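Engineer:
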Amino acid sequence: MTRIAYINGRYQSIYYPAIFVEDRGYQFADAVYEVCAIEGGRLLDVKAHLDRLTYSLKAIDIRAGHGSPLKSRRAMAMVMREVVRRNRIDFGMLYIQVSRGVAVREHLPPKDIDPVLVMTCKPLDPTTRHRIHTKGIAAISVPDIRWGRCDIKSVSLLANVLAKQAANDKGAQEAWQVRDGLITEGASANAWMIKGKTLHTAPIGFPILNGTIRKQIIALAAKQGLRVQEKSFSIKAAQAGDECFSSAATNGLLPIISLDGKKIGAGKNKGKVGAHTTAFIKLLNKSL
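According to this note's numbering, the sequence shown is numbered sequentially starting from 330.
Next comes the structure, spelled out in structure tokens:
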């Protein structure tokens, strides 16, 4: 089946050439994006993703052009669902990208430029996520070399790509980024640690992206008798933690069972998916 993309008002084959060479997203990474999970043919957390997209667009002053779905939450949601429908995706992800637009290459963009809106989607294998949830994954630490506004979901992801590549080269599946001795977040997910009865995660701010399921995890912590401390922690602290996990929209929770080669946990639970992490996964699944 041919994959269908939405590109500025048109639904067409993803293989049909449609992106301009002088699109500023292509030449300057002057663009923002969102990724939504699809389960049972249904988009999850649409409002949260559109809220964050609006935040990112405002942060870099990209404004909706005439007739663009970006002018209306309802119109955006309709296009998002139509892309999923046309691609017949039951379990997968929807990618949304908004670039500042097309113009002759200059660092300073013209004032009368209209943004380019693109949406694509693809299927994912649910058995992969189930395996991650039950078996866990390995993570490494890498220096956080990203730019200073990680709260903006920018397409400028080279540092994240290099972090993922470094993890893969060491046989790991995740990379936790470290700045000034403290973990900011994963290469494509927020970072969490449980020690005793406290759930630790970095505070909201420029160094991290405000994950769409972050609020849900914090709200669910009380159901497990956990208090939440929004304070950054070190690799050494994480390695001494009882449980660690990452969180992202498409995979939910990703249990971290080892960090830089050291198994997480203690006693019979060392190097295994922890009870609190498993409970979070179940609670999040119920809330879908």
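In this text, a Cβ means the ideal position worked out from N, Cα and C, and glycines have one as well. In this text, all values refer to a predicted model and were calculated from it rather than measured experimentally.
Inspect the beta-carbon positions of G369 and A360 and report whether they are closer than 8 Å.
Structural biologist: Here residue 369 is taken as the residue at index 40 of the sequence shown, counted from 1. Here residue 360 is taken as the residue at index 31 of the sequence shown, counted from 1. It is not a contact, given that the beta carbons lie outside the stated cut-off.
Engineer: Would you report the Cα separation of F574 and I461, rounded to the nearest angstrom?
Structural biologist: Here residue 574 corresponds to residue number 245 of the sequence shown, with the count starting at 1. Here residue 461 corresponds to residue number 132 of the sequence shown, with the count starting at 1. The straight-line gap from Cα to Cα measures roughly 11 Å.
Engineer: Would A531 pass as a contact of A518 if the rule is Cβ separation under 8 Å?
Structural biologist: For the purposes of this step, residue 531 is identified with residue 202 of the sequence shown, where counting begins at 1. For the purposes of this step, residue 518 is identified with residue 189 of the sequence shown, where counting begins at 1. Cβ atoms of A531 and A518: not closer than 8 Å.
Engineer: What would DSSP say about V490, mapped onto helix, strand or coil?
Structural biologist: If you number the sequence shown from 1, residue 490 lands on position 161. V490 falls in the helix class under three-state DSSP.
Engineer: Do S397 and P444 come within 8 Å of each other at the CB atom, strictly closer than that value?
Structural biologist: Numbered from its first residue, the sequence shown carries residue 444 at position 115. Numbered from its first residue, the sequence shown carries residue 397 at position 68. Result yes, Cβ atoms of P444 and S397 sit closer than 8 Å.
Engineer: Should L399 be labelled buried (16 or more other beta-carbon atoms within 10 Å of its own) or exposed?
Structural biologist: To locate residue 399, count along the sequence shown from 1; it is residue 70. It is buried - the Cβ of L399 has at least 16 other Cβ atoms within 10 Å.
Engineer: For the alpha helix (DSSP H) holding V350, just list the boundary residues, first then last.
Structural biologist: Stepping through the sequence shown from its first residue, residue 350 is reached at position 21. Here V350 belongs to no alpha helix (DSSP H), and DSSP marks it neither H nor E.
Engineer: So, helix, strand or coil for M330, using DSSP?
Structural biologist: By one-based count along the sequence shown, residue 330 stands at place 1. Reduced to three states, the DSSP call for M330 is coil.
Engineer: Quick one: is R475 buried, meaning 16 or more other Cβ sit within 10 Å of its Cβ, or exposed?
Structural biologist: Working through the sequence shown from its first residue, we reach residue 475 at position 146. So R475 counts as buried.
Engineer: Measuring alpha carbon to alpha carbon, tell me which of R543, H459, L453 and A496 ends up nearest A468.
Structural biologist: The residue you call residue 468 lines up with position 139 of the sequence shown. Of the candidates R543, H459, L453 and A496, the one whose C-alpha sits nearest the C-alpha of A468 is A496.
Engineer: Would you kindly work out how many angstroms separate the C-alpha atoms of E514 and D454, rounded to a whole number?
Structural biologist: Numbered from 1 along the sequence shown, position 185 holds the residue referred to as residue 514. Numbered from 1 along the sequence shown, position 125 holds the residue referred to as residue 454. Those two C-alpha atoms are separated by around 25 Å.
Engineer: In chain order, which alpha helix (DSSP H) runs of at least 4 residues are fully inside the region 487-563?
Structural biologist: For the region 487-563, whole alpha helix (DSSP H) runs of length 4 or above, ordered along the chain, are 487-498 and 543-550.
Engineer: Where do the ends of the alpha helix (DSSP H) carrying K601 lie?
Structural biologist: Mapped onto the sequence shown, residue 601 falls at position 272. From DSSP, K601 is part of no alpha helix (DSSP H); its letter is neither H nor E.
Engineer: Name the residue from G590, E572 and G534 whose alpha carbon lies nearest to the alpha carbon of Q502.
Structural biologist: For the purposes of this step, residue 502 is identified with residue 173 of the sequence shown, where counting begins at 1. Closest by alpha carbon: G590.
Engineer: Given that a residue counts as buried once 16 or more other Cβ atoms are within 10 Å of its Cβ, and exposed if not, what is L372?
Structural biologist: Along the sequence shown, one-based indexing puts residue 372 at 43. Buried, since its Cβ has 16 or more Cβ neighbours within 10 Å.
Engineer: Please look up how many angstroms separate the CB atoms of R417 and M330, rounded, as I've assumed it's under 8 Å.
Structural biologist: Translated into positions along the sequence shown, residue 417 becomes position 88. Translated into positions along the sequence shown, residue 330 becomes position 1. Indeed they touch by this definition, with Cβ atoms about 7 Å apart.
Engineer: Do three or more CB pairs link the region 558-571 to the region 525-539 at distances below 8 Å?
Structural biologist: These segments touch.
Engineer: Could you give the DSSP three-state label for L437: helix, strand or coil?
Structural biologist: Position 108 of the sequence shown, counted from the first residue, corresponds to residue 437. Of the three classes helix, strand and coil, the one that applies to L437 here is coil, per DSSP.
Engineer: Measure from the alpha carbon of H605 to the alpha carbon of each residue in S616, L549 and K597, then state which is nearest.
Structural biologist: For the purposes of this step, residue 605 is taken as the residue at position 276 of the sequence shown. Here the closest residue by C-alpha is L549.
Engineer: Rounded to the nearest angstrom, how far is the Cβ of Y362 from that of V412, given a contact under 8 Å?
Structural biologist: Your numbering for residue 362 matches position 33 in the sequence shown. Your numbering for residue 412 matches position 83 in the sequence shown. So it is not a contact: roughly 14 Å between Cβ atoms.
Engineer: Identify whether Y384 lies in helix, strand or coil by the three-state DSSP scheme.
Structural biologist: What you label residue 384 is simply residue 55 of the sequence shown in a count that begins at 1. DSSP places Y384 in helix when its eight states are reduced to three.
Engineer: I'd like the span of the alpha helix (DSSP H) that includes A406, first residue to last.
Structural biologist: Translated into positions along the sequence shown, residue 406 becomes position 77. Segment R402 to N416, the alpha helix (DSSP H) holding A406.
Engineer: State the DSSP-derived secondary structure class of R460, mapped to helix, strand or coil.
Structural biologist: Taking the sequence shown and counting its residues from 1, the one referred to as residue 460 is at position 131. Helix.
Engineer: With the cut-off set at 8 Å, would you say G596 and E572 are in Cβ contact?
Structural biologist: Numbered from its first residue, the sequence shown carries residue 596 at position 267. Numbered from its first residue, the sequence shown carries residue 572 at position 243. Contact flag unset, no.
Engineer: Applying the 10 Å Cβ sphere with the 16-neighbour rule, what's the burial state of D441?
Structural biologist: Counting from one through the sequence shown, the residue named residue 441 turns up at place 112. Looking at its Cβ environment, which holds fewer than 16 other Cβ atoms inside 10 Å, D441 is exposed.
Engineer: What would DSSP say about A393, mapped onto helix, strand or coil?
Structural biologist: The residue given as residue 393 occupies position 64 in the sequence shown. Of the three classes helix, strand and coil, the one that applies to A393 here is coil, per DSSP.
Engineer: Name the DSSP bridge partner or partners of Y344?
Structural biologist: Residue 344 sits at position 15 when you count from the first residue of the sequence shown. Partner(s): none; Y344 has no beta bridge.
Engineer: Output needed for K493: all residues of its chain with C-beta closer than 7 Å, excluding positions within five of it in sequence on either side, in chain order.
Structural biologist: The count along the sequence shown starts at 1 and reaches residue 493 at position 164. Contacts found: A504 and A516.
Engineer: Using the DSSP secondary-structure output, state which residues sit across from T449 in a beta bridge.
Structural biologist: Here the question's residue 449 lines up with position 120 in the sequence shown. Paired residues: Y424.
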